[in-house]
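Participant: Protein chains in written order, with the working numbering: chain V, 1 to 423; chain L, 424 to 739. This is the structure I have questions about; it appears just below.
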C-alpha cells in the first residue's frame with residue numbers, strides 16, 4: 001500500500017513539474033509577447049514598452065545601446081527593450097516566425113536591400129503621418145537614401161546610416177601592374193584586372209552575391225525595377241560582363257573558391273587585387289590587414305554612371321500597438337549625438353547629411369565615392385520575393401560560371417522574369 | 424443435443440460497486456502507468472502533435488510567415504508545384520545518392536574499424552574515444568577544417584588527391600566535386616558512432632563460436648565472413664537504417680558549406696531534401712510550400728522506417 005502511495009505521489013510530482021515547466025514557459029512567452037506588443041509593464045500603467053529588434057556585432061550592439069541611451073529623460077513614458085540577434089541570418093529566421101505568432105517587435109532595423117518584400121506584404125507601417133505627429137525632421141537625412149524606403153509615395157523606414165558601392169583596389173598591386181591611370185570604365189577594369197593577375201592572385205574578386213552582381217547591372221544602365229525589368233537588355237549586358245570576367249577573361253575569383261565567406265576576406269588576404277566593395281572595407285582592412293593600402297574609387301562606368309545608394313533603417317511593424325511611441329524612439333535614436341557616436345565607434349557613414357563631412361574628415365579617401373553616390377546613387381529595387389530571387393539568381397550565375405551546362409545569361413534572366421516578374 | 428452449461432461461472436455476474444471499481448482502478452498499476460505517461464503525452468501533444476497537425480493544414484494553403492492572416496486554401500497545389508520543381512528532384516537525387524554511396528561505405532568502414540579495434544588489448548578506450556570524437560564535434564568546426572583540407576593549391580587532401588589524378592580545385596566550390604566532398608564529410612562524421620555500435624554488437628558474440636570455427640579449420644577471413652558478419656546482421660540493419668535516416672535529414676553540413684551564400688552552393692550541387700525544405704519555409708517565408716515539402720520528407724522517412732521494420736522482422 002505504501003509503495004502504491006509512493007508511486008502515486010511520484011506521478012503527482014511529475015505532473016506538477018510538467019505543469020510548473022509549462023507555466024514558466026508560458027510566463028516567458030507572455031513576457032516576450034507583451035514586450036513585442038508593447039503592453040504596459042505592470043506597476044506603471046502609463047509606461048509603454050517598445051521592442052527594438054536588430055542584428056549586431058559587439059561594437060554595433062554598443063552603438064544601438066547608445067542610440068536609445070537616455071531616452072527615458074526625453075520620453076519618461078517609454079521603455080525600450082532591445083532584442084539583439086548575433087547575425088542577420090538569425091534575425092531573418094526569427095522575425096517572420098515572431099510576426100506570425102503575433103509577438104513581433106515594434107521596431108526592426110534592417111537594410112533596404114531586403115525591405116521590399118516586407119513592404120509589399122504589409123508588414124511595415126507607413127511612417128508619413130507618424131513623422132508629422134512626433135515632429136521628426138525628415139529633411140535632416142540625405143534625400144537619396146529615402147528612395148530605398150519609399151513605395152507608392154509612402155515612406156516605410158528612416159535610414160540611420162548611409163552606404164554605397166565602390167571599387168576597391170590593392171594599392172601595392174596597382175602600382176606593380178604598370179598601369180598608371182585608375183579605371184573609370186568597365187573596359188579599363190578588365191585591362192587592369194588582366195595586368196594584376198598573376199599565378200597566385202586574380203585581378204578581380206567576383207563575389208557571386210546579389211549586391212556585387214547588381215553593381216555591374218547598374219553600370220550597364222540596368223535595374224531590377226522591383227521585378228519589372230529583370231530581363232532587360234541592360235541587365236543581360238551587366239550580368240554577362242560579370243560572367244565574362246570568369247569565363248572569357250579568366251581574371252576573376254569567387255570567394256567560395258578560396259574558402260572565404262565574403263569578398264573582403266579574399267581582398268585582405270591579397271588573393272584578389274580588386275573588388276566591387278563598400279565603405280565597410282576601410283574598417284575591415286584596419287582589422288584584417290592593417291599594412292595593406294587601398295584605393296577607393298567611384299563605380300566605373302559601363303554604359304552609364306551609376307552607384308548603389310542604400311542604408312540601414314528603422315521601421316515600425318504594422319502589428320505594433322505603440323506606433324507613435326515607436327516613432328518617438330526612432331526620432332530620439334537619430335539625434336546628431338548618436339550619429340556622431342556611430343561615426344566614431346563603428347565607422348558608419350551617417351544618414352544625417354550635415355554630418356557626412358565629419359565622416360569624410362576621418363575617411364578622406366572615400367570622398368569621391370560619396371560624392372558620386374549623391375550624384376548617381378540608386379536603390380537595389382529587387383523584386384518582391386527578394387530572397388527567393390537572390391537564391392535563384394546566384395544559383396543560375398554559379399551554374400553558368402562553374403557548371404557550364406549551356407545555361408546562358410539571357411535564358412537565366414528570362415526565367416527569373418517569368419518567375420519573379422511583377423505581374 | 425443439449426448445450427452444456429458452464430457450471431464454473433455464475434449465470435448472473437454481480438455488478439461491482441462504483442467504490443470497488445474506483446478502488447480497483449486506483450490501485451491498478453495500469454492507472455499509475457497512465458499517470459506516469461500523462462506529462463510526456465501532454466507535452467508531446469503541445470510540442471509535437473499540434474504543430475504536426477498545423478503544419479499539415481499549412482501544406483494545403485498559400486501562407487507566408489510574414490502575413491499569415493492572408494492565408495488561402497489551395498488544395499494540393501503546393502504538392503503539385505513541388506513535384507514539378509526540378510530543384511526538388513535535384514535535391515532528392517542528391518539525398519538518394521548520399522544514401523546509396525555514403526551509407527554502405529560508412530557501415531563498411533565502421534565494421535572494419537570495430538573488428539580491428541575489438542582485437543586491440545591496450546588503449547582500446549583511447550582509440551574508441553578518438554574514433555568517436557568527430558561525431559560529437561561541432562559540424563561547423565568540422566566543415567571549416569575540411570574546407571581547408573580540400574582547398575585549391577594549399578589543401579593537404581587536395582594535394583594528395585592530385586597525385587591520384589584529381590584536379591587541383593577547391594572541392595567544395597566545384598560543381599562536380601562538391602557532392603563527393605559532402606559524402607566524405609558525412610562519412611567521417613558518422614563512422615565513429617557506428618563503429619561504437621558495431622563494437623557493442625561484437626561484444627555480444629560468444630567466443631565459443633570462434634573457438635568452434637577454429638577447431639573446424641576456419642581461417643581469419645572465413646571467421647569474419649562466415650561468423651562475424653552473419654552474427655552482426657541485426658546491428659548492420661540498425662546501422663544501415665539509422666544511416667539512411669541520418670543522411671535523409673542531412674542539413675548541418677550543407678548549411679555550414681554555404682557560409683554566407685545560398686543553401687546548396689555551388690549551383691545547387693550540395694542541396695539536399697532538407698535544405699530544399701528549409702530554404703522554402705524559412706528563407707523565402709513560404710510556410711505552406713515548405714510544410715508540403717516537409718510532409719514529403721516525412722513520408723519518405725516513414726516509408727524507409729517501415730521498410731526497416733519489415734526487413735528486421737524477416738531477417739531476425
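No residue lacks a Cβ here, since even glycine has one placed at the ideal position from N, Cα and C. Quick caveat: nothing in here was measured; it's all calculated off a predicted structure.
DSSP state of residue 56 of chain V, grouped into three classes?
Facilitator: Sequence index remark: in the first chain, residue 56 of chain V carries index 56 (1-based). Residue 56 of chain V: coil per DSSP, three-state reduction.
Participant: Residue 385 of chain V touches chain L at which residues, Cβ-Cβ below 8 Å?
Facilitator: Here residue 385 of chain V refers to the residue found at position 385 when the first chain is read from its first residue. Near residue 385 of chain V (Cβ distances below 8 Å), the residues of chain L are 707.
Participant: Return the chain-ordered list of same chain residues with a C-beta closer than 8 Å to the C-beta of residue 243 of chain V, the five sequence neighbours on each side being excluded.
Facilitator: Position 243 of the first chain, counting from 1, holds the residue named residue 243 of chain V. If we look at residue 243 of chain V and ignore the five residues flanking it on each side, its Cβ neighbours are 397, 400, 401, 409.
Participant: Residues of the segment 468-494 of chain L in Cβ contact with chain A at a cutoff of 7 Å, in chain order, please.
Facilitator: You won't find chain A in this structure, because its protein chains are V and L.
Participant: Whose Cβ in chain L lies nearer than 9 Å to the Cβ of residue 320 of chain V?
Facilitator: Sequence index remark: in the first chain, residue 320 of chain V carries index 320 (1-based). Near residue 320 of chain V there are no residues of chain L at all, since even the closest Cβ is about 15 Å away, more than 9 Å.
Participant: Here's the rule: buried if 16 or more other CB atoms are within 10 angstroms of the residue's CB, otherwise exposed. What is residue 49 of chain V?
Facilitator: Translated into the one-based positions of the first chain, residue 49 of chain V becomes position 49. Looking at its Cβ environment, which holds 16 or more other Cβ atoms inside 10 Å, residue 49 of chain V is buried.
Participant: Can you look up residue 112 of chain V in the DSSP assignment and give me helix, strand or coil?
Facilitator: Taking the first chain and counting its residues from 1, the one referred to as residue 112 of chain V is at position 112. Coil, per DSSP.
Participant: Is residue 685 of chain L close to chain V? Criterion is C-beta to C-beta, closer than 9 Å.
Facilitator: As a first step, residue 685 of chain L must be located in the second chain, where it is residue number 262. Residue 685 of chain L counts as touching chain V.
Participant: Does the segment 650-662 of chain L come close enough to the segment 555-575 of chain L that 3 or more CB-CB pairs lie under 8 Å?
Facilitator: No, the segment 555-575 of chain L is not in contact with the segment 650-662 of chain L.
Participant: Helix, strand or coil: how does DSSP classify residue 160 of chain V here?
Facilitator: Taking the first chain and counting its residues from 1, the one referred to as residue 160 of chain V is at position 160. Reduced to three states, the DSSP call for residue 160 of chain V is coil.
Participant: Beta carbons nearer than 7 Å to chain L: which residues of the segment 403-421 of chain V have them?
Facilitator: Listed by position, the residues of the segment 403-421 of chain V near chain L (Cβ gap below 7 Å) are 403.
Participant: According to DSSP, simplified to helix, strand and coil, what is residue 711 of chain L?
Facilitator: As a first step, residue 711 of chain L is located in the second chain; it is residue number 288 there, counting from the start. Of the three classes helix, strand and coil, the one that applies to residue 711 of chain L here is helix, per DSSP.
Participant: Any C-beta of chain L within less than 8 Å: which residues of the segment 241-261 of chain V qualify?
Facilitator: Listed by position, the residues of the segment 241-261 of chain V near chain L (Cβ gap below 8 Å) are 254, 256, 257, 258, 259, 261.
Participant: Considering only residues of the segment 457-487 of chain L, which uninterrupted alpha helix (DSSP H) runs meet the minimum length of 4 residues and lie entirely inside it, listed in chain order?
Facilitator: Those alpha helix (DSSP H) runs which fall completely within the segment 457-487 of chain L and span 4+ residues are 473-481.
Participant: With 9 Å as the limit, tell me which residues of the segment 580-598 of chain L have their beta carbon closer than that to any beta carbon of chain V; keep them in chain order.
Facilitator: Those would be 592, 593, 595, 596, 597, 598, in chain order.
Participant: Rounded to the nearest angstrom, what separates residue 492 of chain L and residue 341 of chain V at their Cα positions?
Facilitator: Looking up residue 492 of chain L in the second chain gives position 69. Looking up residue 341 of chain V in the first chain gives position 341. Looking at the two C-alpha atoms, the distance is approximately 41 Å.
Participant: With a 10 Å radius around its C-beta and 16 neighbouring C-beta atoms as the bar for buried, classify residue 77 of chain V as buried or exposed.
Facilitator: Stepping through the first chain from its first residue, residue 77 of chain V is reached at position 77. Exposed is the call here.
Participant: For residue 411 of chain V, which residues in the same chain have their Cβ closer than 8 Å to its Cβ, ignoring the five residues on either side in sequence?
Facilitator: Position 411 of the first chain holds residue 411 of chain V. Excluding sequence neighbours, residue 411 of chain V sits near nothing in its chain.
Participant: Helix, strand or coil: which one does DSSP assign to residue 170 of chain V?
Facilitator: One-based indexing of the first chain puts residue 170 of chain V at position 170. DSSP places residue 170 of chain V in strand when its eight states are reduced to three.
Participant: Looking at the C-beta of residue 689 of chain L, does it have a partner C-beta in chain V at a distance below 9 Å?
Facilitator: Taking the first residue of the second chain as 1, we reach residue 689 of chain L at position 266. It does: the Cβ of residue 689 of chain L has a partner Cβ on chain V nearer than 9 Å.
Participant: In whole angstroms, what separates the C-alpha of residue 590 of chain L from that of residue 280 of chain V?
Facilitator: Counting from 1 along the second chain, the entry for residue 590 of chain L is found at position 167. Counting from 1 along the first chain, the entry for residue 280 of chain V is found at position 280. Taking the straight line from one Cα to the other gives about 35 Å.
Participant: Classify residue 544 of chain L as buried or exposed, calling it buried when 16 or more other Cβ atoms lie within 10 Å of its own Cβ.
Facilitator: Indexing the second chain from 1 puts residue 544 of chain L at position 121. With fewer than 16 Cβ atoms within 10 Å of its Cβ, residue 544 of chain L is classed as exposed.
Participant: Looking at chain V, is there any beta carbon in it that lies within less than 9 Å of the beta carbon of residue 654 of chain L?
Facilitator: Numbered from its first residue, the second chain carries residue 654 of chain L at position 231. No - not a single Cβ of chain V is within 9 Å of the one on residue 654 of chain L.
Participant: Measuring straight from C-alpha to C-alpha, what distance separates residue 140 of chain V and residue 320 of chain V?
Facilitator: Translated into the one-based positions of the first chain, residue 140 of chain V becomes position 140. Translated into the one-based positions of the first chain, residue 320 of chain V becomes position 320. Going by the C-alpha atoms only, they are around 26 Å apart.
Participant: Under the three-state reduction of DSSP, which class applies to residue 269 of chain V: helix, strand or coil?
Facilitator: Reading the first chain from its first residue, position 269 is the one you call residue 269 of chain V. Residue state, collapsed to three classes: coil.
Participant: Along the beta strand (DSSP E) that carries residue 685 of chain L, what are the first and last residues, could you check?
Facilitator: By 1-based counting over the second chain, the position of residue 685 of chain L is 262. Neither: residue 685 of chain L is in no beta strand (DSSP E) and is coded neither H nor E.
Participant: Just curious, the alpha helix (DSSP H) that residue 692 of chain L is in, first and last residue?
Facilitator: Within the second chain, residue 692 of chain L is the residue found at index 269, counting from 1. Residue 692 of chain L -> no alpha helix (DSSP H), and no H or E assigned at all.
Participant: With a CB to CB cut of under 7 Å and the five nearest residues on each side skipped, what residues in its chain are close to residue 360 of chain V?
Facilitator: Here residue 360 of chain V is taken as the residue at index 360 of the first chain, counted from 1. Contacts found: 366, 367, 370.
Participant: Between the alpha carbons of residue 448 of chain V and residue 126 of chain V, how many angstroms are there, rounded?
Facilitator: This structure cannot settle anything about residue 448 of chain V, because the visible part of chain V is limited to 1 through 423.
Participant: Rounded to the nearest angstrom, how far is the Cβ of residue 133 of chain V from that of residue 324 of chain V, given a contact under 8 Å?
Facilitator: Looking up residue 133 of chain V in the first chain gives position 133. Looking up residue 324 of chain V in the first chain gives position 324. With 8 Å as the limit, residue 133 of chain V and residue 324 of chain V qualify as a contact, their Cβ atoms being about 6 Å apart.
Participant: According to DSSP, what are the bridge partners of residue 85 of chain V?
Facilitator: To locate residue 85 of chain V, count along the first chain from 1; it is residue 85. Answer by DSSP bridge pairing, in chain order: V/55.
Participant: Take residue 338 of chain V and list the residues in its own chain whose beta-carbon comes closer than 7 Å to its own, dropping the five residues that flank it on each side.
Facilitator: In the first chain, residue 338 of chain V corresponds to position 338, counting from 1. Only 66, 67 meet the Cβ criterion.
Participant: Counting only beta-carbon separations shorter than 9 Å, does residue 719 of chain L have a partner in chain V?
Facilitator: For the purposes of this step, residue 719 of chain L is identified with residue 296 of the second chain, where counting begins at 1. It does not; no Cβ of chain V falls within 9 Å.
Participant: Could you name the residues of chain L that residue 390 of chain V contacts, counting a contact when the two beta carbons are closer than 8 Å?
Facilitator: Within the first chain, the letter at position 390 stands for residue 390 of chain V. The contacting residues are 685.
Participant: Quick one: what's got a C-beta closer than 8 Å to residue 636 of chain L's C-beta in the same chain, skipping five residues either side?
Facilitator: By one-based count along the second chain, residue 636 of chain L stands at place 213. For residue 636 of chain L, where only same-chain residues beyond five positions count, the Cβ hits under 8 Å are 645, 646, 649, 650.
Participant: Between the segment 348-356 of chain V and the segment 152-161 of chain V, do three or more beta carbon pairs fall short of 8 Å?
Facilitator: Cβ pair count under 8 Å is three or more, so yes.
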